[in-house]
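Report on the following structure.
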Amino acid sequence: MAVDAVPAARRLAPRLSARAVNHDRDGSFPVDDFADLRDAGLFGLMVPRALGGAEAGFAQYTSVAYELARGNGATALVFNMHASVTGALGAVTEEVAESLGVPDEALAARDRMLAQAAAGSWYGVAMSERGAGSRLSRLTTSYEPVDGGYHIKGAKTFCSGAGHADAYLVAARSAADQSVVSQFLVPATVDGLRVEPTWDSLGMRATASHDLHLDVVVPEGTLLGGVEGLALVVAQLMPHWLIASYAAVYVGVAQAAIDAAVEHANARGISGLPAVRARIGRADAAVAAARLAVAEAARRVDEEPGETETNRWVWRAKLLAGTTAAEVAASMLEAAGTSATRRGHPLERLYRDARCGSLHPATSDVCADWLGIAALGGDPDRDGTAPRW
61 MAVDAVPAAR RLAPRLSARA VNHDRDGSFP VDDFADLRDA GLFGLMVPRA
111 LGGAEAGFAQ YTSVAYELAR GNGATALVFN MHASVTGALG AVTEEVAESL
161 GVPDEALAAR DRMLAQAAAG SWYGVAMSER GAGSRLSRLT TSYEPVDGGY
211 HIKGAKTFCS GAGHADAYLV AARSAADQSV VSQFLVPATV DGLRVEPTWD
261 SLGMRATASH DLHLDVVVPE GTLLGGVEGL ALVVAQLMPH WLIASYAAVY
311 VGVAQAAIDA AVEHANARGI SGLPAVRARI GRADAAVAAA RLAVAEAARR
361 VDEEPGETET NRWVWRAKLL AGTTAAEVAA SMLEAAGTSA TRRGHPLERL
411 YRDARCGSLH PATSDVCADW LGIAALGGDP DRDGTAPRW
């Protein structure tokens with residue numbers, strides 16, 4: 061693992077940026093970017109030192125994601141999925157494991173997964189489904205025990221890195237009890253796993269977020285935590301990995317839009333126009349504010365995970381990052397003028413990438429509703445019209 065993860069990410073960003081235009085145009089996966097991330101040791105960012113990783117906290121992750129996103133938001137977004145898996149696994153301390161009833165053999169399996177990540181393996185997330193989104197309580201993918209393991213059957217969508225990850229974190233509901241939702245780390249090489257190339261999107265085109273079809277049998281050790289039904293519990297204990305981890309990526313995309321607008325304005329000789337300066341100035345302030353919100357959420361996650369005020373900052377960070385990215389990128393495109401709307405111009409790509417921030421779960425509307433219920437004195441995880449998870 062690179063000793064200084066944030067400087068390592070900062071050094072990689074220009075390289076990611078140089079490749080981004082071709083991957084965006086073709087909708088191709090940035091394989092070379094992930095080779096660079098592996099060589100820099102970043103796959104072990106969230107892995108405990110005892111297992112070969114850097115044992116980073118959530119705050120350090122957000123700083124790394126921000127720097128990577130200034131290079132290529134799509135690469136940073138896929139890296140976020142891997143960090144979410146390893147970060148959640150690494151956060152299961154002995155005390156948490158005991159409280160959840162995690163058996164010793166499951167902890168040993170967890171350690172193997174984390175050690176493999178530190179050694180260069182990376183993981184995707186297969187949670188969302190057509191018609192259900194990312195709500196765990198509405199999934200149709202099911203599993204049932206079989207001799208020596210579990211049979212998982214279903215289909216996932218928006219699986220970033222599909223066809224390239226070494227394993228996928230798959231969420232599924234028990235066929236015997238629909239209220240029980242569990243997660244499995246399914247190896248990419250298992251028989252019965254098929255990638256359907258469906259990803260051809262407005263933005264984040266290089267994430268290879270294709271559909272994943274599963275009709276697989278996996279060993280017992282792939283059940284995360286070794287206990288069925290932990291998925292909903294972990295979602296409530298660690299909402300930052302499902303919500304605020306995206307926030308750092310989109311703040312980085314927003315900053316990249318400012319960087320591209322400044323370069324364009326200077327090259328075109330329009331930096332002296334008051335309207336252009338004013339737009340860049342407002343964007344600078346907006347991105348700085350959103351970055352501070354992400355930093356505050358991350359600080360609280362590291363110091364007081366799961367606390368009520370911590371979780372409010374988690375939802376605030378996601379809301380502010382998503383809306384800020386879209387508004388800043390649109391303003392920077394308008395400041396630059398029509399020439400920046402041509403395919404291949406960085407601002408054209410960043411505009412489309414930034415627009416995805418409000419749509420990633422939790423969407424900006426869901427975030428605002430959650431925060432509104434909390435401000436009104438309700439329970440935002442239970443008082444909404446639809447289940448959060």
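Convert by adding 60 to the 1-based position in the sequence shown; the result is the number in the numbering used here.
In this text, a Cβ means the ideal position worked out from N, Cα and C, and glycines have one as well.
This one's a predicted model, so the numbers in the text were calculated from it and none came from an experiment.
Residue i to residue j span [Cα, whole Å]
i    : j    : result
D413 : R79  : 15 angstroms
M298 : A325 : 42 angstroms
D319 : A157 : 44 angstroms
S234 : V138 : 28 angstroms
L196 : T398 : 43 angstroms
A68  : Q238 : 44 angstroms
A169 : R376 : 35 angstroms
P334 : S194 : 44 angstroms
H420 : V277 : 30 angstroms
R70  : D93  : 13 angstroms
L229 : I330 : 48 angstroms
T217 : G332 : 46 angstroms
Y411 : R254 : 32 angstroms
V185 : A136 : 14 angstroms
V374 : A428 : 12 angstroms
E189 : A134 : 20 angstroms
V107 : G150 : 6 angstroms
V388 : G417 : 12 angstroms
L97  : L72  : 8 angstroms
A266 : D99  : 20 angstroms
E323 : D425 : 33 angstroms
M187 : A327 : 44 angstroms
A422 : R372 : 13 angstroms
R85  : H211 : 38 angstroms
Burial state of residue i, where buried means 16 or more other Cβ atoms lie within 10 Å
i    : result
P163 : exposed
A116 : buried
G285 : buried
P90  : buried
T153 : exposed
E165 : exposed
T368 : exposed
A395 : buried
L111 : buried
L352 : exposed
P406 : buried
G341 : exposed
L436 : exposed
E408 : buried
A317 : buried
A236 : exposed
Other residues of its chain near residue i: CB distance less than 6 angstroms, five sequence neighbours each side excluded
i    : result
R415 : G263 and A386
P257 : H270
P440 : W430, I433 and A434
A307 : V354, A377, K378 and A381
W301 : S144, G147 and A148
T384 : A314, A346 and A350
A222 : V255, A268, H270 and L272
M61  : Unreliable positioning characterises M61 in this predicted model, as indicated by a pLDDT of 41, which lies under 50. A coordinate reading is not provided.
D275 : K213 and G252
A291 : L196, A231, V241, S242 and Q243
Same chain only: Cβ atoms within 7 angstroms of residue i, ignoring 5 sequence neighbours per side
i    : result
E364 : T370
A65  : L102, L105, A114, A116, Q120 and V124
S77  : G131 and N132
A192 : R198, L199 and T200
N140 : A125, S305, Y306 and V309
H273 : A215, R254 and E256
L167 : A157
CA nearest to the CA of residue i, picked from the options
i    : options                   : result
A338 : D226, M392, E204 and S305 : M392
A232 : K213, T217, H420 and R70  : K213
A95  : D429, A225 and G289       : A225
G289 : G382, T258 and L160       : L160
S88  : W259, H211 and L245       : W259
C219 : G432, H142, L333 and A295 : H142
G209 : A222, A266, V287 and S261 : V287
H83  : G332, H273, A268 and L167 : A268
E18  : E367, I303 and S242       : What the structure shows of the chain is the stretch from 61 to 449, and residue 18 is not part of that stretch, so it cannot be assessed.
V309 : A350, L274, L272 and T282 : A350
G366 : T423, V294 and H211       : V294
A455 : S261, V388, T122 and M187 : Any question about residue 455 goes unanswered here, given that the chain covers just 61 to 449.
T282 : D362, F244, S424 and A422 : F244
R109 : D171, R75 and A390        : D171
A442 : V361, V81, A227 and Q296  : According to the sequence shown, residue 442 is Arg rather than Ala. Among V361, V81, A227 and Q296, the Cα nearest to that of R442 belongs to Q296.
Residue i CB to nearest heavy atom of the ligand ZN below 7 angstroms
i    : result
S418 : The ligand ZN is absent from the structure shown, which contains no ligand whatsoever.
Sequence-distant residues of the same chain with beta carbon closer than 8 angstroms to residue i, five excluded per side
i    : result
R359 : A119
Segment contact flag, the stretch 125-138 with the stretch 303-320, C-beta cutoff 8 angstroms, min 3 pairs: Yes, since at least three Cβ pairs between the stretch 125-138 and the stretch 303-320 fall closer than 8 angstroms, the two stretches touch.
The stretch 204-212 / the stretch 166-183 touching (three or more Cβ pairs under 8 angstroms): No, the stretch 204-212 does not touch the stretch 166-183.
Touching by the beta-carbon criterion (3+ pairs, under 8 angstroms), the stretch 343-351 and the stretch 179-193: Too few Cβ pairs lie closer than 8 angstroms, so no.
contact_flag[the stretch 402-409, the stretch 244-257] where n(CB pairs < 8 angstroms) is 3 or more: They do not touch, by the three-pair rule.
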